Amino acid sequence: MNTLEIKNLTVQYSSDDRTVHAVNGVDFVIPSGKTLGLVGETGAGKTTTALSILNLVPEPQGKIISGEVFLEGENVLTMSDKQLQGIRGDRVAMIFQDPMTSLNPIQTVGEQIAEGIRLHRKVDAKEGLKQAVAMLEMVGIPSDRALEYPHQFSGGMKQRVVIAIALACRPNLLIADEPTTALDVTIQAQVLKLINELRVREKMSMLMITHDLGIVAEVCDTVAIMYAGQIVEYGTLEDIFDHLRHPYTRGLFESLPDIENRRAELKPIKGLMPDPTQLPPGCPFHPRCDYAKEECSQQLPKVRRLTDSHLVRCHLYNQITENMLEVKADG
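In this text, residue positions in the sequence shown follow this note's numbering: the first is 1124, and each later residue adds one.
1) Look at residue 1437 and residue 1339 and say whether their C-beta atoms are less than 8 Å apart.
2) Pick from 1279, 1203, 1296 and 1170: whose alpha carbon is nearest that of residue 1314?
3) Quick one: what does DSSP say residue 1239 is sitting in, helix, strand or coil?
4) Using the rule of at least 16 other Cβ atoms within 10 Å of the residue's Cβ for burial, across every protein chain shown, is residue 1281 buried or exposed?
5) Going by beta carbon distance, what residues of the same chain come within less than 6 Å of residue 1251, once the five residues before and after it are set aside?
6) Between which residues of its own chain and residue 1174 is the CB-CB distance below 7 Å, once the five residues before and five after are set aside?
7) Using a Cβ-Cβ cutoff of less than 6 Å, which residues in the same chain neighbour residue 1141 once the five nearest sequence positions on both sides are dropped?
8) Under the three-state reduction of DSSP, which class applies to residue 1340: helix, strand or coil?
9) Hey, could you find the ends of the beta strand (DSSP E) residue 1186 is sitting in?
10) With a cut-off of 8 Å on the beta carbons, I'd call residue 1325 and residue 1293 a contact; round off their distance for me.
11) To the nearest angstrom, report how far apart residue 1410 and residue 1396 are at their CA atoms.
12) Roughly how many angstroms lie between the CA atoms of residue 1307 and residue 1300, to the nearest whole one?
13) How long is the line joining the alpha carbons of residue 1448 and residue 1390, rounded to whole angstroms?
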C-alpha cells in the first residue's frame, strides 16, 4: 500500500492582478516504508507541495486549484478541520528547514514535545512529559534539558528538538523540508543520520525535500526532479543517477563540484528559474536548455514512461544521446 499518493496537484497564489503558478499538475507516490527525494532549485514549488499534503496552503492568497492527496487511501483535501487536526502531528508530521522559527520561545522544549503527545495520545500532563523526555533522549539530548527553553540550545540542538516533536507520535509519513539547510556543515551530517536512523527504526515513509543530490543518494529510494512547479523526471536512484534523461537533471549534476579535480570550473545552469507569474510557453525549461528546439517553446511536453519506474517530461528524451548526457541511452 502507498503511504502517500498525489494526483494532478495544482496550487496557485493570487494577489491583486497577479497569479503565481506554484505547482502545476504534480503526480507521485511514496510506498510504505520508502523515501522519496523531491529535488529542485529554490522556487520550484517543493514546499508548497509539502504544505498541500497537510492541507496547509495559506489562505486566502493560496488555493489548491485541483488534484487529490491520498494519505493511506484517504483524500486529505476533502477532510474536515477536525479530521485534519487529528492527522497533523500524528499520522503525518513535518520537519521545517529553520528550527529558529519552528519553536515557541516561551515554552520549555519538554512542554512543546508533550503538547502533541497529550493531544493525540490522550494522556495526562505527567505521562506526556515522561514520553517527551524519552523522545529527547532518543534524539541525543539529555533528559534534564527538557525544562530548558529554545534560546538555551544551539542550532543543531534546536533541530533535534524539532525532530523529536515531529516523531513524538510515531507518524506514518515524515515530511522533511530541507531540514539541514540552516545548520553548520559539521552538524548537517549528524542530523541527517539521526533522521534516517529514526525513520528506519520506526518504519516510516518519508518525503525528503532538498536541493542536495548528496542527501538524495544517501537516504532516498526514489527521486522526483521538480522545475517550475512540475515533475520533469521521476525514477529510482539508479534511473536518475545512472540513466538521467532530462537536460535539467543533467544541469543539476553538472553544477556539483568535482571532488577529483578541485581546479575544474563549476558548470552552473545558465539563466534563472522563470517568474512563476509569467511561465514561458511550451516547456518551462526551454529558455535555459542547451538542446531546445522550436517545438520546445511551443508545446508542453507530455510525460513519457521509459521503464516501469522511470518517467520524463521532455520532447527530446529519445534524442538525448550518450555524448550529450554522458549516460548510456536506453535505445
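Where a beta carbon is used, it is the ideal one built from N, C-alpha and C, also for glycine.
Note that the structure is predicted; figures quoted are calculated from it, not measured.
So, from the data block:
1) no
2) Taking only the C-alpha atoms, the option nearest residue 1314 is 1279.
3) helix
4) buried
5) These residues qualify, in order along the chain: 1237, 1240 and 1241.
6) Result list for residue 1174: 1180, in chain order.
7) 1400
8) Three-state DSSP puts residue 1340 in a helix.
9) 1185–1194
10) So it is a contact: roughly 6 Å between Cβ atoms.
11) 10 Å
12) 17 Å
13) Interpretation of residue 1448 is limited by its pLDDT of 45, a score under 50 that renders its predicted location unreliable; the figure taken from the coordinates is listed afterwards. Distance between the alpha carbons of residue 1448 and residue 1390 is about 14 Å.
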